Amino acid sequence: MSSHALFFAVKPDAAAAAKLLALGRRLREHHGLKGRLFDAARLHVTLHFFGRFPALDDALVQGLCRGADEVRAEPFALRFDHVGSFARPSNAPLVMRTGDGAPGAKALHQHLAAALVHHGVGTRPERRFVPHLTLLYDDKSLPELEVDPIEWTANTFDLVHSESGQGHRVLRQWPLRAV
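Every letter in the sequence shown is one number past the one before it in the working numbering, and letter 39, counting from 1, is 372.
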């Protein structure tokens with residue numbers, strides 16, 4: 334049975350995606366990881382995840398789009414300079430993290446949450462929102478390591494539909510502009 338997920342995300346530009354994948358390949362080889370590296374189209378930083386559904390709900394998508402239409406936020410820099418696994422007994426995500434806490438991503442998360450709540454399709458912002466980018470899943474966990482920074486400027490954010498086994502599809506994209 335198919336499962337559908339909806340989430341808002343920012344995606345790396347092509348140059349940053351290439352660097353992220355190169356780092357992922359080196360980490361797999363050096364640490365003997367077996368998990369499959371995400372492809373460039375799947376790399377993203379989730380801003381809000383809305384859950385999994387048995388079918389895509391058009392009314393929910395429309396509400397999410399109306400909320401996102403209200404968001405006014407400036408482009409922001411993302412600088413990923415740490416990598417490590419989120420603690421899980423198996424299938425642990427290997428993620429890139431920021432040393433600076435990604436204040437721009439946190440601000441966009443807050444603005445988006447407020448707009449979605451206003452339109453009745455969201456919840457309050459997560460208090461423990463930790464901006465990260467997943468490279469792969471593996472049964473072996475890595476401790477947090479400092480790595481050479483990989484940076485890009487987020488100029489847009491997307492509403493993404495993920496259907497199990499079908500990959501990610503951007504339903505709509507919004508520009509980030511000086512306010």
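Note that beta-carbon positions come from the ideal geometry of N, C-alpha and C, so glycine has one too.
Just so you know, these numbers come straight off a predicted model, no measurement behind them.
- Look at D391 here: in three-state DSSP terms it is helix.
- With a cutoff of 7 angstroms on beta-carbon distance, P508 and T489 are scored as near each other.
- Boundaries of the alpha helix (DSSP H) harbouring G357: 347-364, taken from the DSSP string.
- Distances from the alpha-carbon of P422 to those of D481, R405, D471, K367 put D471 closest.
- Per DSSP, L445 is one residue of the alpha helix (DSSP H) stretching across 436-451.
- Closest in alpha carbon position to W485, among V493, Q395, H377, R385, is H377.
- By the Cβ criterion, the segment 432-442 is in contact with the segment 400-412, since at least three pairs of Cβ atoms, one from each stretch, lie closer than 8 angstroms.
- Taking a 10 Å sphere around the C-beta of F413, we find 16 or more other C-beta atoms and assign the residue as buried.
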